[in-house]
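**Q** I have a structure I would like to understand better, so I am pasting it below and will then ask my questions one at a time.
In the numbering used here, the protein residues as written are 12 to 177.
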């Protein structure tokens, strides 16, 4: 039912994705500026739980014997690729901003996505399918989140340096 709605309203889903990215970046910036690190860590935890639930809980489907599909798509083309881009973006954004280590968080997020795909390939009982495209799109989302976190941290460092020298 929800997938039908999303397909029928694909242009709105794309707009909602970019609005969501903008709101998340604004929220991360505001929380970082207010030094609410605990809130950002909480949002990171919620993002991590959502990733685990969406990728590792059994979905009831029967695997068709294919261990892993190897393919790479162009980011932001289909709704499935857009959903995969959105998967790790909040985790990389909030955790990267909270820790002031967006590049380390990026490496961890890309590794997390690879581990998820390996588990999906090795545990057919989950009914999930390993797909290199999922890993690639998750990584694109992590790069976007880490880039926003890097920008937020850099702007804050520059602002603090300017206020100290003034």
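Even glycine gets a Cβ: it sits at the ideal position worked out from N, Cα and C.
I want to check one thing, is the minimum distance from the CB of residue 27 to the heavy atoms of the ligand COA below 7 Å?
**A** Among the components modelled here there is no ligand, and therefore nothing to report on the ligand COA.
**Q** Helix, strand or coil, according to DSSP, for residue 142 in the structure here?
**A** One-based indexing of the chain shown puts residue 142 at position 131. Reduced to three states, the DSSP call for residue 142 is strand.
**Q** Which same chain residues end up closer than 6 Å to residue 18 when comparing Cβ atoms and leaving out the 5 residues on each side of it in sequence?
**A** Working through the chain shown from its first residue, we reach residue 18 at position 7. Taken in chain order, the list of residues that qualify is empty.
**Q** In the DSSP assignment, find the alpha helix (DSSP H) that holds residue 43 and state where it starts and stops.
**A** Numbered from 1 along the chain shown, position 32 holds the residue referred to as residue 43. Here the alpha helix (DSSP H) through residue 43 covers 21-44.
**Q** If you draw a straight line from the alpha carbon of residue 162 to that of residue 25, how long is it in whole angstroms?
**A** The residue given as residue 162 occupies position 151 in the chain shown. The residue given as residue 25 occupies position 14 in the chain shown. Those two C-alpha atoms are separated by around 23 Å.
**Q** Does the region 92-103 come into contact with the region 45-61, if we say contact requires no fewer than three beta-carbon pairs (one atom in each stretch) closer than 8 Å?
**A** Using a C-beta cut-off of 8 Å, the region 92-103 makes contact with the region 45-61, since at least three inter-stretch Cβ pairs fall below that distance.
**Q** Let me know if residue 165 comes out buried or exposed under the rule of 16 or more other beta-carbons within 10 Å of its beta-carbon.
**A** Indexing the chain shown from 1 puts residue 165 at position 154. When all chains shown are included, residue 165 counts as exposed.
**Q** Residues bridged to residue 164 by DSSP?
**A** By one-based count along the chain shown, residue 164 stands at place 153. None; residue 164 has no bridge partner.
**Q** Please look up how many angstroms separate the CB atoms of residue 152 and residue 98, rounded, as I've assumed it's under 8 Å.
**A** Counted from its first residue, the chain shown places residue 152 at position 141. Counted from its first residue, the chain shown places residue 98 at position 87. The Cβ separation is near 6 Å, so the contact holds.
**Q** Out of curiosity, what's the CA-to-CA distance linking residue 5 and residue 130?
**A** As displayed, the chain neither begins before 12 nor continues past 177, which places residue 5 out of reach and without an answer.
**Q** Leaving out five residues on either side along the sequence, give the residues of the same chain with a beta carbon under 8 Å from the beta carbon of residue 87.
**A** Here residue 87 refers to the residue found at position 76 when the chain shown is read from its first residue. Hits under 8 Å: 25, 93 and 96.
**Q** Work out the CA separation of residue 112 and residue 64 for me, nearest whole Å.
**A** Counted from its first residue, the chain shown places residue 64 at position 53. Counted from its first residue, the chain shown places residue 112 at position 101. Their Cα atoms are separated by approximately 25 Å.
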